[in-house]
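Below is one structure, written out as structure tokens; the observations come after it.
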Amino acid sequence: MRTIAPSAPARRRFGAELSVPRFAPFVLCLSLLAACATSRGTIGAVIAQDSDSGRLFLREVPASLAAGQANLKPGDEILLIDGLDVRRLDPEQINALLTGDVGSPVKLTVIRQEQVLRVTLKRTEAHRLGKKPGKSQ
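Under the working numbering, the first residue of the sequence shown carries the number 57, and numbering increases by one thereafter.
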């Protein structure tokens with residue numbers, strides 16, 4: 057299996073700003089961006105998966121979307137999506153679990169420092185990064 061190292065800008069942006077593992081060989085921008093191509097809903101966060109351990113972390117959490125409304129924060133680690141261990145899932149499976157019809161629920165088990173949080177989010181309409189909800193580009 058070939059490993060591709062992240063670019064220097066990706067390392068600067070994602071590798072050092074939080075006290076979570078470095079993400080090599082890839083960083084995933086899931087849920088927020090993936091649903092933009094369709095009218096599907098999303099949890100409204102950018103997440104990254106460590107390719108070695110499979111651990112999944114919230115990287116960006118816009119306050120106006122589902123994850124932000126549930127008070128999730130950058131650096132929170134997602135352990136389970138609808139009861140499934142994220143470490144056993146590939147990026148496509150994770151994306152499929154996090155996207156769905158707008159307003160449909162998704163259950164997350166999240167760890168923040170030593171605290172385990174269980175939240176049920178209602179998927180919100182997906183927006184591209186930098187795009188304000190309700191405005192077309």
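Quick reminder that beta carbons are idealized off the backbone N, C-alpha and C, glycines included.
This structure is a prediction, so every number in the text was calculated from the model and none was measured.
Collapsed DSSP secondary structure at residue i in the structure displayed
| i | result |
| --- | --- |
| glutamine 125 | helix |
| proline 118 | coil |
| leucine 86 | At leucine 86 the pLDDT is 47, less than 50, meaning the model places this residue with poor confidence; the figure from the coordinates comes in the next sentence. Correct three-state label for leucine 86: coil. |
| valine 162 | strand |
| threonine 176 | strand |
Extent of the continuous beta strand (DSSP E) run through residue i
| i | result |
| --- | --- |
| proline 130 | Unbroken run through proline 130: none, as it is neither H nor E. |
| valine 102 | 102-105 |
Limits of the alpha helix (DSSP H) - the one that residue i falls within
| i | result |
| --- | --- |
| glutamine 169 | Here glutamine 169 belongs to no alpha helix (DSSP H), and DSSP marks it neither H nor E. |
| alanine 152 | 147-154 |
Proximity to residue i [Cα-Cα], best of the options
| i | options | result |
| --- | --- | --- |
| glycine 159 | Gly110, Ile150, Phe113 and Ala123 | Ala123 |
| isoleucine 137 | Val117, Phe113, Pro118 and Pro130 | Phe113 |
| alanine 104 | Gly131, Gly97, Thr180 and Val166 | Gly131 |
| leucine 173 | Val142, Asp106 and Asn127 | Asn127 |
| alanine 101 | Asp157, Val175 and Lys129 | Lys129 |
| arginine 7 | Leu135, Leu154, Glu170 and Ala119 | The structure shown does not extend to residue 7, since the chain is modelled only from 57 to 193, so the question has no answer here. |
| isoleucine 134 | Arg96, Val166 and Glu116 | Val166 |
| leucine 121 | Arg111, Gly97 and Asp141 | Gly97 |
| arginine 111 | Asp146, Ala152, Ala119 and Gln125 | Asp146 |
Near the ligand MG: residue i beta-carbon under 7 Å from a heavy atom
| i | result |
| --- | --- |
| valine 142 | By its list of ligands, the structure shown contains no ligand whatsoever, and the ligand MG lies outside what it can speak to. |
Buried or exposed by the 16-neighbour rule on C-beta atoms within 10 Å, applied to residue i
| i | result |
| --- | --- |
| valine 162 | buried |
| arginine 144 | exposed |
| alanine 182 | buried |
| aspartate 108 | exposed |
| aspartate 157 | exposed |
| glycine 139 | exposed |
| threonine 176 | exposed |
| aspartate 106 | buried |
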